[in-house]
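> Take a look at the following structure, please.
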Amino acid sequence: MLHHPAGVLRIPARSTRRRASVRTLAALAAAGVVTGLIAGCSTQSQAAAPPTRGGLSTAYGPAKGVGQERVRDFLRTRRLLEHVAGRLGDRLRLPPRVEIALTGRSCGSSDVAYDPEKGRVELCYEFVDEVRELFEDEAAGSDAAGSVDADAEGASAARVADAVADKTAGVVTETLYHEVAHALIDRLDLPIVGREEDVADQFAAFNLIPQGPAGRAAVLAAAENYALYAEETDPRDIDFADEHLPDASRAANYRCYVYGSAPRSHDDLVDGELLTKARAELCEDEYADLRRGWGELLAPYENAR
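In terms of the numbering used here, the sequence shown opens at residue 115 and continues consecutively.
Printed below as a string of structure tokens:
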């Protein structure tokens with residue numbers, strides 16, 4: 115298996131990108147629409163919650179940067195960290211020595227990482243803000259391409275704001291599962307086969323897709339997020355030696371897994387670009403393989419159901 119060097123943080127490819135586009139949703143702000151990420155919140159930090167079953171706990175650090183209080187409030191209101199910790203705590207019976215904390219915090223940079231020395235997954239508030247802005251910019255670009263009459267503008271802006279918040283929540287959830295995979299591989303010394311980053315993506319799909327429409331939406335939001343980053347990346351800048359697949363490939367994989375989980379229900383995902391017809395023919399087997407692989411890895415730790 116792959117081992118984490120001591121003190122090295124595991125960072126997904128999307129968090130290493132730095133966006134160059136200008137932030138654009140002035141139209142929504144002018145219309146007085148407040149997105150789901152912008153809400154009143156307390157300035158008090160929250161101490162670590164007691165570990166849930168399975169040695170998983172959650173905590174939120176102080177919000178230090180501009181706009182980060184609204185991000186922390188968004189995470190706490192939607193209970194995104196608690197949702198992941200609770201789901202996995204219900205599913206897994208981890209050894210007493212294995213404790214994994216999911217922590218939201220200000221980092222000074224847009225990162226998400228598993229810290230093996232602390233046994234902690236760190237979700238940076240800056241990362242959540244970056245994801246939201248990327249979806250907002252995409253929505254603003256789509257809005258500018260169309261025409262909306264004055265009467266419908268407010269309702270349309272509200273729908274866009276809700277969609278941006280939902281997609282942001284989906285990406286955060288997928289990212290947390292991805293990083294918890296690194297933690298489990300490290301702490302349980304799981305005998306994975308293949309590149310760890312790919313296996314971690316598969317862990318996210320393994321957990322989210324069976325959760326139904328909301329879980330599939332989270333996987334597809336992550337796919338869209340990767341596709342948007344891919345659009346911003348000059349192909350000449352792609353590092354094919356990187357431990358992560360290129361963003362476009364990760365987007366295609368996630369679409370493939372969702373399609374493979376129920377091909378008749380997801381024909382619309384076969385777009386001929388990110389997911390070609392030739393690749394789609396393999397997706398049912400790919401999804402079955404990842405379910406079997408992770409099922410076997412986690413079998414010794416599964417709670418009786």
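For glycine and all other residues, C-beta sits at the position ideal for the given N, C-alpha and C. As the structure is a computational prediction, the values presented were derived from the model and not from experiment.
Would you kindly check if the distance between the Cβ of V278 and the Cβ of A314 is under 9 Å?
No, they are not a contact pair.
> By how many angstroms is the C-alpha of E395 removed from the C-alpha of H197?
So the two alpha carbons sit approximately 33 Å from each other.
> Name the two residues that bound the continuous alpha helix (DSSP H) containing C397.
C397 -> alpha helix (DSSP H) spans K391 to L412.
> Let's test the definition: count the other Cβ atoms within 10 Å of the Cβ of T191 and tell me whether it reaches 16, buried, or not, exposed.
Burial call: exposed.
> How far does the alpha helix (DSSP H) with D361 in it extend, from its first residue to its last?
D361 -> alpha helix (DSSP H) spans D361 to S375.
> Since E288 and V245 are thought to touch, with beta carbons under 8 Å apart, how far apart are those beta carbons, to the nearest angstrom?
No, E288 and V245 are not in contact; Cβ-Cβ is about 10 Å, not under 8 Å.
> Mind checking who L206 pairs with in its DSSP beta bridge?
Per DSSP, E416.
> CB-CB under 7 Å to L412, same chain, minus the five flanking residues each way: which ones, in chain order?
Excluding positions up to five away in sequence, the list reads L206.
> Which one of D276, D280, A297 and L170 has the shortest CA to CA distance from Y228?
That would be A297, whose Cα lies nearest to the Cα of Y228.
> Taking R234 as part of the beta strand (DSSP E), name the residues at either end of that continuous run.
Segment R234 to C238, the beta strand (DSSP E) holding R234.
> Using a threshold of 9 Å, state whether the C-beta atoms of G222 and E247 are closer than that.
It is not a contact, given that the beta carbons lie outside the stated cut-off.
> Could you pull out every residue in the same chain whose Cβ sits closer than 6 Å to the Cβ of V212, ignoring the five residues on either side in sequence?
Counting only Cβ-Cβ distances below 6 Å, and skipping sequence neighbours, we find G169 and R301.
> Within the same chain, show all residues whose beta-carbon is closer than 7 Å to that of R405, passing over the 5 residues directly before and after it, in chain order.
F320.
> Looking at the ligand MN, does it come within less than 8 Å of V384, judged from the CB to the closest heavy atom?
The ligand MN is absent from the structure shown, which contains no ligand whatsoever.
> Measuring only the C-alpha atoms, how far is A402 from L195?
Approximately 27 Å between the Cα atoms of the pair.
> Quick one: grab the DSSP three-state call for L388.
Coil at L388, not helix or strand.
> Here's a check: name, in chain order, each residue in its chain whose Cβ is nearer than 6 Å to the Cβ of E410, leaving out the five neighbours to either side.
Contacts found: none.
> Distance check for L342 and T390, CA to CA, integer angstroms please.
In a straight line, the C-alpha of T390 is about 18 Å away from that of L342.
> Could you pull the DSSP bridge partners for S171 from this structure?
Looking at the DSSP assignment, S171 forms a beta bridge with A215.
> Would you mind sorting D303 into buried or exposed? The rule is 16 or more other CB atoms within 10 Å of its CB.
Classification for D303: exposed.
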